[in-house]
Every structure is written in C-alpha cells, then in structure tokens.
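Structure first, then comments.
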Amino acid sequence: MQPAPEQSPHHAYPDHWEADVVLRDGGTARIRPITTDDAERLVSFYEQVSDESKYYRFFAPYPRLSDRDVHRFTHHDYVDRVGLAVTVGGEFIATVRYDRIDERGRPASAPADQAEVAFLVQDAHQGRGVASALLEHIAAVARERGIRRFAAEVLPANNKMIKVFRDAGYTQRRSFEDGSVHLTLDLEPTAESLAVQRGREQRAEARSVQRLLAPGSVAVIGVGRTPGGVGRTVLRNLLGAGFTGRTYAVNRAFAADQATIDGVPAHRSIGEIDEPVDLAVVAVPADRVPEAVADCGEHGVQGLVVLSAGYAEWGAEGRERQRELVRQARSYGMRIIGPNAFGLINNAETVRLNASLAPEPPAPGRIGLFTQSGAIGIALLSGLYRRGAGLSTFISAGNRADISGNDFLQYWYEDPDTDVALLYLESLGNPRKFNRRARRTAAVKPVVVVKGARHSGSTPPGHAVPVSRIPDATVSALMRQAGVIRVDTVTEMVDAGLLLADQPLPAGPRVAILGNSESLGLLTYDACLAEGLRPRPPLDLTTAATPQDFRNALAEALADDGCDSVVVTAIPWVGEDGEAESGDGEVLAAALHTAAAAGPAKPVAVVHVEIGGLAEALAAATSTVAQPRPAPNPAQNPPAPAARTGSTTPPGPNPAPAAPLTGAPGTAPLAGAPGARNGRIPAYPAAERAVRALAEAVRYAQWRRQAAVPGKVPEFLDDTIDEPGTAGLIDTLLGPDPDPRGLQLTPDQARELLGRYGITVRPTLPAPDPDAAVAAAARLGYPVALKTTAPHLRHRADLGGVRLDLANETALRRAYGELTDLLGKPAELQPVVQSMAPRGVDTVVRATIDPAAGAVLSFGLAGAPSELLGDTAHRLVPATDRDAAELIRSIRAAPVLFGWRGAAPVDTASLEELLLRVSRLVDDHPEVVSIALEPVVVATQGLTVLGASVRLSPPPARTDLGPRRLPNY
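Here it is, written out as structure tokens:
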C-alpha cells in the first residue's frame, strides 16, 4: 500500500527504539528507525527482494522504487509515519512502516488511534522470525505514539504474512474485502501475546546457545607458532576431546606456505578458509580483537568465544572497548561468550567440544554448569572431577557482555542431556527476567545457584550491569519463590548438584538413618532436625557390621513406606584383631548399589569417614552417561507459578508427605518414578553436608508438587476495587508535571487511595494539646489510643510513645501529660488520637518497587525483634493466593499467628486478602512505588490497619513487558 505524504512536523530521532534481537535461528539482528541517510540501503535492499514478494507488498508488479518512493520510505516524522528496518552487517534485510489513518482510512494525525501497517522481508531471510520480531517492535512504537490498532491489507496467497498476524496473540478481526484479507489488530498486550513473545524469545535464545555449543566447525584465532600460549592450549584441548567437527588454526603471522599446525589446517585469516566456520575462539590481544571480529563477521561465523582480557575489568576505557565489541559482533549477527572468558565445553557424544582452558576436562554427565568466574570454574571442574561427577555442558562467560546465565537457562530448559543446572553468578543483569526464566526451568529440572558479591553493593569488575537495591535476603527469597535452590558456597552447590543429578526427588521429609557408628548417626539426626526434616531414630548396625548387613538394612529402609529417603553413615569397621580397617570400600559400595538398585526409587546419600575407595566406587555407575530423556513438552509442563518451598499449612509438626508423582518427560524424576536412579550414590565427608543437600532436594520436590497446581489472583476482589477511579486519583495527585523524586502522600490522601482498593485505614485525629485530644476522643469514641507520630518515635512502642486502652477523659489527660513529660513538647511529638482496635498480633505489610527486580511484596511481625533478626518474607508481584498463604507462613515467627502457647489463632484469611489487595494495587498502578501498612493488627476475626504510608512517583520503565531485545550494558 502506498504511504501518505507528510502530515506533521518532524520529531527527533528516537534512539531508544534501537534494539538488538535474537531471531528464530539463533542469529542476531538490529532493529532501528529508518532515516533520511538510508536511501542507498533501501534501494539495495529492494533490488534483492523477489518479484513475488514485491507483488505481495504492493498488490501489483513493482520492479523498482522511484525517487519519490525512496523519499517517502526514508522520511518519517516518527509519530504519524514510522519506518523500522532490520539490519545485519549494516544492510537492510527487512522493513516495516505504519501510517496513521482515520476511520475512513485517510492520512491523519492524533488523536486518531489507528494506523495502516505493511512489511517487506528479503526472501533469503524469510522463515527466520524477522517479521514477528518487527511486529513486536512496531506495535510498541505505535502504543508509545497513541496508536491502539493496526489495520493491514494482505493478499490471500500471502500465507506467511497472514500467519505472522494470526500467531502474534493480539486480539484481532478478519474480513475479506475487494480481493484481499483485511486484518485489524488491537495492540494492547494480552496474556496470549506476552506468552507468544516469551515463547519465541525462549526458543530463539536457546537456539543461539545451541549454535555455540554444537558447531560443525571451529577456528581458533591466535594459535601461536610455538607450543604454549592460550590459543595453542585451546587447540590442544579441542583435539584432545575428539571434537567431531572440523578444526582450523588461524594466525596472521603464519607463513604463507604453512599448511598445518598440530595436524590441523593453518590459515592467516578466516577469509582464507574455503568452508563455513560456525564458531571462532578469539585468543589475541584486545587491540587486535576488532580486526578478528570483522574477519569473522564478513565470512559468516555464527558465534565467538572471546578469551582475550583488557575489557571492562580494566576500567572505563576497557568498558567502552567491551561495548564496542558487542556492537560490532551483533552487527554481523554473531553472539559472544566473554570477553575475558574461560571457554565452553559440550560433552555430547555427537559433538565432544572442549573450547576452553580447562586443565582437567570433566567426564560426560548430566549436569550443566555456568560460571561468571574462570577461577571458580576451575575450582568447580576440579571438585566435580574428584568426586566422579560428569557434565553435559560447561560455560565460563567471563564479563558476560552478551550471553549470560539467562540464555543458558533458556537452553537447559529443553536440553534432553541436562538434568540439573548449576550456576555461579556474581551479578544479575535483569533479576525479574532471571526469576521468570528460572521458574520455567525449575518446573522441569533443578536449578542450583550460588550468588557471589552478595554484600559488596556493587558489581564485580568487568560486569557492566545495573545494581539492584534490594537486600540479598530478599533476592534469596525471590529465588526460592521461583523454585531456585539458592546455596551459599560452591561446595554446597556441588553437594546439592550431585544428589539431584544422581538420585530421585524425595516424596517428603521423612529420613531413615542407618550405619555402623552411633555417634555419626546422632550427628546426622541432629543435622536433619536443624534442616527441618523428620528423621527416624538412627539404626545402629554396630562397628561389627559387614557390607551384607549394610545391604540388608538399606533394602529394609527403602522398602519402608514410612521413609522418604535414606542417609547411610559409615566408618572403618574393626577387624578380628581389633584394628580398624579402612579398605574394602569397593565391597561396601557394591552392597549399597545392589540394595539401592533393587528397592523403590528413593534418594540415598552416604556419609563416610576415612573409608578408602568408597566415594569413588559409589560414584561409579554402570554407564558413564545416563540414558537421554525426552525434551520437555511445554504443553505437559507449563511454566511453574511463583511458589515457595514451604508448606501452606500452619507451622507445627510436618504433615505426611504428598503422594509420589511421576516425573514428566525431560524432568528430574520424583520419587517412585521408573528409571529415577542412574547407579551413582553421592558420598559426603560430613553429615551436615549430606543432610543440607538432602534438605534442599526435599524443599525443591515440595515446590515442584505445589507448582503442579498454580495459584491465582481471586476474582472476587474485582467487585471491591475501583481501578479507573484510582488511576484518576493518582493522576490528580501527581499533577501534569510530576516531580521525578516522587510524592509522599499525606495520611488522608493515603487513606483515600487505599480505600479504593478495599483497604480501610483506621483514621487518626491530631492532638496538639490535651483539650484537642479530649475532643478527638469524644468524636471517635472511647476507648482510644494516644500516639506520637514524630519520625524518630513512629512505631516505637518500646520507647513509650504509645498509650493504649484509654477509657475516659481522665485517663487520656493523664497519659498526655506523661507522654509530654517523658518525650518532649507536643510540637515535637505530633500526638494523634485513634480509636482502639481489637486485640491481636501486630504485623507489617509492605510493597516496594526495585528498578531491576520489580514490585516486591513483604510481610513480617511488627517490632524490633523481627527487624533485628531479618524475619521478613518476600514475594514478587503479582502475588497469587498461594503466594499470600505461603508468605505469612514462611517467617520464623509464624507460629504466633496460629495459636502459639495456647493463644487463639488469628484470622489469617483476612491477612491473606489484605496481601492480595496490596499486590493488586501496586501491580495495577506502577506509580505506587512504596506502600507500608504498619501496624496491621490481626485479631481472631478480622484485622485493622492502624497506619499507612504511600509514596507515588512517575512509573519506572518495565523492560520485561516490551518487545524482546538483548540487553546493552
């Protein structure tokens, strides 16, 4: 369709519309606005489009663009007429344009809210998801400019374009008029459109990682002419692993007649290689990297592993060098691991890729490992190697300027060769996105995370990512909500990873303990209690126990329906001469293997002290690599909802375990699932380590069972919520030119705002003198409370700033005098009078907005002890009914709410409803950046909100709701 002439003045170039995106095949491209400087690019692009595609675009033969056409398509006002282009290597591969129209289809300006949209994609790039990505971005641009609907005319034969519109997930209408299909799309995001967008993002990013992990050919750039050096080491490791693809060595200093080095073809540049190169490992000084990247990009390399240092870890100059590296690579459609990376490994038998500096290559296995630190990577590889564990994939991303742990979560989600994902992270570029992706992956396989740099308040050198202000304890709680197993050390990560990879998930917290040392059994028993498990009394086999005794006891414990897991403790047994024997670990291992293989599928862990060869023998399995499991089917395994590892029942004795569930295809097996054990039994040198790993597995299994039944936001709340009225009130309060620092609402304003969401705050009346206090009490009705509201005394009953249950005027005047005598003049104390609430438990409900993590809902008991101990629980917003129930049960002081020491249980149902209302308010209105309800007195029936603080601010940007794009740090 032909564009209309210009109708409105030109606006400044909107550089925030520029974005790097990952396409369906894993390659990258850049989306940006078309400018007046793009005339030659547009003409060149159009010449490479087939006649058929041109016909579909213009509904008639249109072999070339006239000068007038070129002017129209390159001159935009970025409001009523917008054009976007997709570029690779600086050249156009696709374009899209919208023109604002009125209800009759004529050119228009605002307030008209409809636009005509048209796409054109080069034939060579059709099928890569280019048009789908363009639709996401042009729709976001249109919404920003006040356009609410797109209209499109499509020829019936243009099935590809019809499918792009149909599959986008937007609300749409279709009709057939004058020989063409007329489509109208409502551009307001829907649950379906967001799901479509995130599904495409997951598949594209997984594919981009797969291209790096499974290349058909690898070139190492910077291979030294003499032995030694980084490049030569990587080449040696590639050859030593038996890489199944083609390998090339590249060094511009090679002699022209040098044909090979270490038995592989030698070349002076990528351009000299006659065959396609999929992956390049760059091991040259930083100042030579741009030349190498350009050589790779111009000859179709798909991805880079940059081992070179000298980037963001070296300061501002290096940080800018790193940004330019990413820009250059992405301009050619390449993704990067690094810079300052340690490399990557893929142990799949069909690949056998070791493009790393790892001195001890790991054995094949079913653990995926990602680290942001080369040193930690070396330590983890060494630890796993010593304990006989194998890896499916290993990635050390260095400065993670492009590919990060988020991308590998996308890949591992559907990788049939990976059962457990381990990640060592020092920074989270987008905590909200990480939680969403981790939740999806954790629904089908365990995700174990160690977070470094937890308390520094800044990112490590080289990591140019936003810093989140939320405390580490909150980050940990949010990870738990997403099903992530958060541990404190890399040792704990290996301990948990081994048990999760080698054993089925337990059906509950009941633990059988057996062994030949009473003392070691008691240590294990105590450790179980400390971790919240339900241990049975240890079975002491005595120091005279033989391997056959261990076998029989383990078989009996596994067959017991009252046991969900077993911990075996073993010390060297005593021979007939009275001397300890530390050998024959292989014999004991064989006995334990036999019993475990014959019994029901329950997790088994071994704690041993100085038994030679036992750990190695237990780690041995009949097959080094477990049999592959089918990839997860998203239809069978929907993304898990936000949930916590805790129970939704009141604190107290642990309930009986849920019935075992059969693991879904591609997921970590739950107890009772066939084929749930691969033959290895993890061994630990200390009871505490084994039990901690087992406890993490118990909590994760419980989360998985709960995730199978998603929570929801109750619809009954909609009848008592005035969303439009609240939006209008917020607009009025902020005004036409809101202060970017925000606005703290007065108590009356906060009460009005919260009331529109069914949250009633008990009013207070000022009491600047005793007479005013008496008048206020007469208005409210006795009994009353007298409180100070000075900032340094607010909510500090322990300092004497609150007087309760004042039944008459005499008591009120006496309390007023005591208060002012003790704490200061009324002008300093700012006293208020409030009617008494029913007795109950004082609690605190808060919601805050973090720019990186998003809205966070928090709950705890009121008072200094809870603050000092950090006894506060957190959930991401929007919270479901399950989140609310678990939130109040997950604090350590939760028994106080459920009848502790004979007290009557309070109305937790009302408390859960309040949490959901607060969650709904901050989710509906991002301008509400902070809410604090303190105290909230929860009685046996109902609750009373006695104090409220609300802060408004212009809404922060929500990058997770916009079109998919790669981050730029």
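Per my numbering, the very first residue in the sequence shown carries number 298; after that it's consecutive.
Glycine is no exception: its CB is placed at the ideal position from the N, C-alpha and C atoms.
Note that the structure is a prediction, hence the values are computed from the model and not measured.
#### Entry: Asn643: first and last residue of the uninterrupted beta strand (DSSP E) it sits in
640-643
### Message
By alpha-carbon positions, which one of Pro330, Ala902, Leu510 ends up nearest to Phe370?
### Response
Pro330
### Task
To the nearest angstrom, report how far apart Pro1232 and Tyr1054 are at their CA atoms.
18 Å
### Span separating the alpha-carbon of Trp314 from that of Leu339
19 Å
#### Entry: Among Gly1097, Val1130, Leu1050, the one whose alpha carbon lies nearest that of Ala1069
Val1130
### Query
Roughly how many whole angstroms lie between the Cα atoms of Ser693 and Val527?
15 Å
### Query
Using DSSP with H/G/I as helix, E/B as strand and the rest coil, what is Ser773?
helix
### Query
Thr866: buried (16+ other C-beta within 10 angstroms of its C-beta) or exposed?
buried
### Task
Would you identify the three-state DSSP class for Phe416, choosing helix, strand or coil?
strand
### Task
Would you tell me roughly how many angstroms separate the C-alpha atoms of Arg736 and Gly780, rounded to the nearest one?
6 Å
### Query
Which whole runs of the beta strand (DSSP E) in the region 818-871 are 3 residues long or more, in chain order?
862-867
### Task
Would you identify the three-state DSSP class for Leu796, choosing helix, strand or coil?
helix
### Task
Note down, one range per segment and in chain order, each alpha helix (DSSP H) of at least 4 residues found wholly within the region 1028-1052.
1044-1052
### Completely contained alpha helix (DSSP H) runs for the region 505-547, where each covers 4 or more residues
527-538
#### Entry: Segment contact flag, the region 895-912 with the region 794-806, C-beta cutoff 8 Å, min 3 pairs
yes
### Message
Please identify the residue among Pro1065, Ala1072, Thr1107 whose C-alpha is closest to the C-alpha of Ala1087.
### Response
Pro1065
### Query
Which two residues bound the contiguous beta strand (DSSP E) that contains Pro562?
561-564
### Task
Please classify Gln845: is it buried, with 16 or more other beta-carbons within 10 angstroms of its beta-carbon, or exposed?
exposed
### Query
Does DSSP put Phe731 in a helix, a strand or coil?
helix
### Message
In whole angstroms, give me the CA-to-CA distance for Asp881 and Glu913.
### Response
12 Å
### Query
Helix, strand or coil: which one does DSSP assign to Gln345?
coil
### Task
Just tell me which of Ala893, Ser1132, Thr1140, Leu535 has its CA closest to the CA of Arg1059.
Ser1132
### Task
Would you decide whether His373 is buried or exposed? Buried here means 16 or more other CB atoms lie within 10 Å of its CB.
buried
### Task
Would you give the residue range spanned by the alpha helix (DSSP H) that Gln625 belongs to?
613-628
### Query
Hey, is the region 708-728 in contact with the region 1138-1151, meaning 3+ C-beta pairs nearer than 8 Å?
yes
### Query
For Glu588, which three-state DSSP category applies?
helix
### Task
With DSSP as the reference, label Ser944 as helix, strand or coil.
In this predicted model, Ser944 has a pLDDT of only 36, less than 50, meaning its place in the structure is not dependable; the value taken from the coordinates is given anyway. Ser944 falls in the coil class under three-state DSSP.
### Message
What does DSSP give as the partner residue(s) for Ile1228 in the beta ladder?
### Response
Ala1144, Val1247
### Query
Beta-carbon separation of Leu1194 and Thr1205 under 8 Å?
yes
### Message
Which same chain residues end up closer than 6 Å to Asp335 when comparing Cβ atoms and leaving out the 5 residues on each side of it in sequence?
### Response
Thr371
### Query
Quick one: any contact between the region 536-548 and the region 501-514, if contact means 3 or more CB pairs under 8 Å?
yes
#### Entry: Length of the line joining the Cα atoms of Val864 and Asp858
16 Å
#### Entry: Under 8 Å between C-beta atoms of Asn696 and Pro656
no
### Query
Can you give the beta carbon distance from Ala809 to Glu993, rounded, assuming they're within the 8 Å contact cut?
Going by Cβ atoms, the distance from Ala809 to Glu993 rounds to 18 Å, so no, they are not a contact pair.
### Query
Since Pro404 sits in a beta bridge, which residues does DSSP pair it with?
Ile398
### Coarse secondary structure for Pro330, derived from DSSP in three states
strand
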